[in-house]
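Scroll down for the structure; my scribbles are underneath it.
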Amino acid sequence: MKAISCLLIAFLLHTCMLSAQSLLPEVNLFLGTSGDHGQLAPAANVPFGMVQVCPDSHPRQHAGYDYAVPTISGISVNRLSGVGGQGCGGNLSLMPDTAGVDVRIVKSTEKAQPGYYHAKLSNGVNIELTATRTTAVERFTWQPGLQPVLLFAPASAFERVFHSDYQTLSSNEIGGTIAAANTCGNGRYTLYYYLHTDVPFHLEPAGNRQKLTFTEDSPVEVRIAVSPLSIEDARRCFLETSENDFQTIRQQAAEAWESILSRVEIKGGDKDERTLFYTSLFRTCQSPLQVTTGKNGEYPGTDGKLHRAEGFDYYSSWSLWDTYRTKFPLLTLIVPERMSDMMQSLAVLYTTGKRDWSTDAECVPTVRTEHAIALLLDSRLKGIEIPNLAEAYAGMKHEVANLPLKSPDQCMEASTDLWALSRVADLLDKPADAALYRRKGDSLFCTVWDREFRYVDSTYTRMRQNGLYQGTRWQYRWAAPQFLPQMIERVGKDSLEAQLTTFFAQNLYNQGNEPDIHVPYLFNRLGSPGKTQQTIFQLLTQPMTHIYGGNAEYASPYIGKAFKNAPEAYCPEMDEDDGAMSAWYVFSAMGLYPLIVGEPSYELVSPLFDETVLHLPAGKRFVIRTVGRETKEQPVLEIRLNNRKLSDYRISHHDIAKGGVLEFIYCGGNE
């Protein structure tokens with residue numbers, strides 16, 4: 007593992023001390039956990055940790071837990087956050103019951119905050135859960151007179167199980183392996199585990215589970231450590247924190263989350279807006295997972311071989327088709343000290359083996375990695391060091407040479423990848439390649455846009471028309487914003503703006519999926535920032551008419567807010583998508599948005615809060631402030647950066663990174 011610099015330590019200590027009052031109560035872990043309204047879970051974890059431990063409902067939702075379903079199947083140690091499909095993870099489930107049938111959460115007792123979960127069960131058992139990066143810590147307390155029993159399911163999983171085994175190492179230790187399919191059944195991951203109880207147990211089979219009976223009175227504490235390397239390494243992970251008791255580990259988890267949340271300080275807004283903001287910030291830091299556990303930095307690569315991370319920690323678990331658009335640009339601002347390791351890990355995939363979806367040799371649950379080139383470009387242009395970028399270049403060229411081009415949406419996405427690779431080639435001083443990929447990207451975009459998207463007709467409102475993935479032709483029309491000049495050249499700026507206005511006026515925008523979530527910000531570049539402001543304000547705060555779900559039109563339009571402080575937090579079928587939608591909310595509420603991933607700039611929009619302070623490395627601060635605003639709908643008169651009027655509604659990442667003050671001045675207000 008690499009040494010942490012003195013500067014980084016100072017940064018972490020600084021952010022931990024920013025707020026005298028904890029921000030943890032601002033986070034509602036039950037937000038988005040009910041039904042198909044986000045597909046989230048109130049799991050106990052630490053930022054970017056391999057463990058997310060909480061109960062799984064029966065029947066379950068995608069992430070295992072469903073707020074509306076109190077009956078549980080057990081408590082599993084991992085899951086992915088709102089990624090759709092049938093979910094992924096759900097391993098190593100424990101059920102504190104002799105039969106494991108009709109065990110329910112007593113909902114009035116249930117509570118959760120970052121790093122901690124607690125509830126009483128209908129069978130008289132009290133459960134408390136916390137976690138380290140590699141270890142689930144589960145404490146069970148039985149009412150007097152009840153036999154302390156745990157049913158352990160070594161083969162539990164949300165997707166298909168390829169292999170599972172276990173071995174009893176002693177009267178309080180079990181070790182084993184679980185290999186299961188990744189999201190939507192694509193590929194597989196393999197985890198090694200070590201289970202330790204603080205009191206001895208008697209083990210016997212109980213159907214497809216193992217029954218652990220304890221002779222001593224409760225409570226019983228179980229720790230399940232996971233590793234991508236071996237049972238022995240999982241045991242080593244357990245031993246790293248074995249001297250810390252439950253409360254100490256819970257406090258350490260809370261402090262880790264406090265450090266993240268305190269990097270953004272907001273003033274103003276009502277209770278629901280603050281809760282939505284800090285819960286969304288929390289959700290963006292669930293993945294990728296820091297999986298380097300071995301003493302020498304070993305990790306299993308996607309080629310099935312063991313590798314060593316030289317000078318960085320290896321991260322895995324990606325959902326890039328969703329998250330490259332918003333989450334990772336936000337992490338570049340919020341946790342820049344982690345981004346170099348994350349991007350080096352992503353670049354490694356181009357040498358060890360990369361598919362659009364999961365490979366067959368993953369070390370943790372994961373989803374997909376499309377558009378990694380654009381993300382690597384974006385990060386590098388924003389100052390993130392990626393020493394192995396050149397090593398990844400050959401793999402990038404191979405990837406773009408084999409991009410699928412069967413449907414219009416695939417062509418739009420391929421044009422984005424070609425555009426991004428041309429700019430990576432520029433960074434690597436390969437001018438011939440840069441020119442080649444620039445021409446290819448431009449040609450592909452123009453050809454397909456002219457054929458499929460230039461002339462609007464009645465088919466544009468139909469979901470999946472002409473093979474489109476989870477979208478309409480209206481929505482995919484705007485899917486490649488870096489080619490906005492080419493759109494303007496073909497249609498005309500005024501006509502394009504009029505069409506965009508019609509798009510929103512007829513409720514054709516879909517906040518529930520990613521292909522068009524950037525589109526409100528196109529008004530900025532078409533010279534109508536007031537329309538961006540109006541649209542974003544409505545999406546953040548107002549009930550709206552939503553015609554489309556994630557995969558099809560609703561039977562009847564959904565009329566309501568896209569973001570709510572409630573278990574039914576999002577539109578029906580609106581996946582939170584591993585932090586993608588949460589990051590959209592955080593950016594939009596701050597008044598910034600990364601319209602083009604691969605350009606080191608942000609669109610500006612009237613912020614939701616009166617003041618937002620980004621606490622940056624080296625003690626720098628970037629303040630976003632409203633001046634003279636009386637209502638949140640009030641139009642912006644001008645924007646000033648360090649008391650200098652900006653010429654447009656855009657700011658560079660590097661201006662933010664230097665620190666300073668961004669002021670939104672309002673019409674009718676006092677300057």
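Take the sequence shown: its position 306, counting from 1, is numbered 312 in the numbering used here, and each next residue is one higher. For every residue, glycine included, the Cβ atom is placed at its ideal position computed from N, Cα and C.
Nearest to leucine 100 by alpha-carbon distance, out of Tyr122, Glu134, Cys94, Asp72, is Glu134. By the Cβ criterion, the region 234–253 is in contact with the region 175–182, since at least three pairs of Cβ atoms, one from each stretch, lie closer than 8 Å. Here tyrosine 608 is near histidine 659, since their CB atoms are less than 8 Å apart. Residue environment: leucine 355 is assigned as buried (16 or more neighbouring CB atoms within 10 Å of its CB, all protein chains considered). Apart from the 5 residues on each side of it in sequence, glycine 300 sits with its Cβ closer than 7 Å to the Cβ of Leu235, Asp239 in its chain, given in chain order. Just measuring C-alpha positions, the residue of Arg531, Gly88, Leu652, Gln476 sitting nearest proline 491 is Arg531.
A residue is called buried when at least 16 other Cβ atoms come within 10 angstroms of its Cβ; tyrosine 461 does not meet this threshold and is exposed. Under the three-state reduction of DSSP, methionine 596 is assigned to helix. Residue pairing for arginine 627: DSSP places it in a beta bridge opposite His621. Taking alanine 426 as the centre and dropping the five residues before and after it, the same chain places the C-beta of Ile379, Ala380, Leu383, Gly604 closer than 7 Å to its C-beta, in chain order. Per DSSP, the continuous alpha helix (DSSP H) segment holding lysine 403 begins and ends at 395–407. Taking the Cβ atoms as the reference, arginine 331 lies roughly 6 Å from alanine 586, within the contact range of under 8 Å.
Here lysine 388 carries a coil assignment [DSSP, helix/strand/coil]. Short of 7 Å from the beta carbon of aspartate 616, and not among the five residues preceding or following it, lie these beta carbons of its own chain, in chain order: Lys273, Gly274, Thr632.
Counting other Cβ atoms within 10 Å of its Cβ, lysine 333 reaches 16 or more and is therefore classed as buried. Of the candidates Thr541, Phe36, Lys651, Leu98, the residue whose Cα lies closest to the Cα of leucine 156 is Leu98. Looking only at Leu643, Ile662, Glu574, Gln27, the smallest Cα-Cα distance to aspartate 654 is reached by Leu643.
Per the coordinates, the alpha-carbon of aspartate 347 lies some 11 Å from the alpha-carbon of leucine 295. The three-state reading of DSSP puts lysine 217 in strand, counting E and B together. In the three-state reduction of the DSSP assignment, tryptophan 363 falls in the strand class. In this model, glutamine 350 and lysine 360 are separated by some 14 Å (Cα to Cα). Within the model, the alpha-carbon separation for glycine 91 versus proline 573 is close to 20 Å. Residue pairing of aspartate 62 in beta bridges, as defined by DSSP: Gly80. C-alpha of leucine 502 to C-alpha of lysine 113: approximately 51 Å in a straight line. Going by DSSP, tryptophan 148 is part of the beta strand (DSSP E) stretching over 141–148. Nearest Cα to glutamine 216 within the set Thr174, Tyr195, Tyr198, Gly191: Thr174. Taking the Cα of leucine 245 as reference, the smallest distance to any Cα among Asp432, Val143, Leu197, Val525 is reached at Val143. For isoleucine 523, no beta strand (DSSP E) segment is defined, and its DSSP state is neither H nor E. Exposed is the label assigned to arginine 445, since fewer than 16 other Cβ atoms lie within 10 Å of its Cβ.
Around the beta carbon of arginine 483, a 10 Å sphere encloses 16 or more other beta carbons of the protein chains shown; the residue is thus reported as buried. Bounds of the beta strand (DSSP E) holding isoleucine 657 are 656–658. Counting only unbroken stretches of 3 or more residues, the beta strand (DSSP E) elements lying wholly within the region 163–213 are 167–176, 179–187, 194–203, 208–212, in sequence order. In its chain, beyond the 5 residues on either side, Gly518 have a beta carbon closer than 6 Å to the beta carbon of methionine 580. Look at the beta carbons and you see the region 556–569 touching the region 510–525: at least three pairs across the two are nearer than 8 Å.
Going by beta carbons, leucine 35 and proline 48 fall inside the 8 Å limit. Counting the other CB atoms within 10 Å of its CB gives serine 224 a total of 16 or more, which places it among the buried residues.
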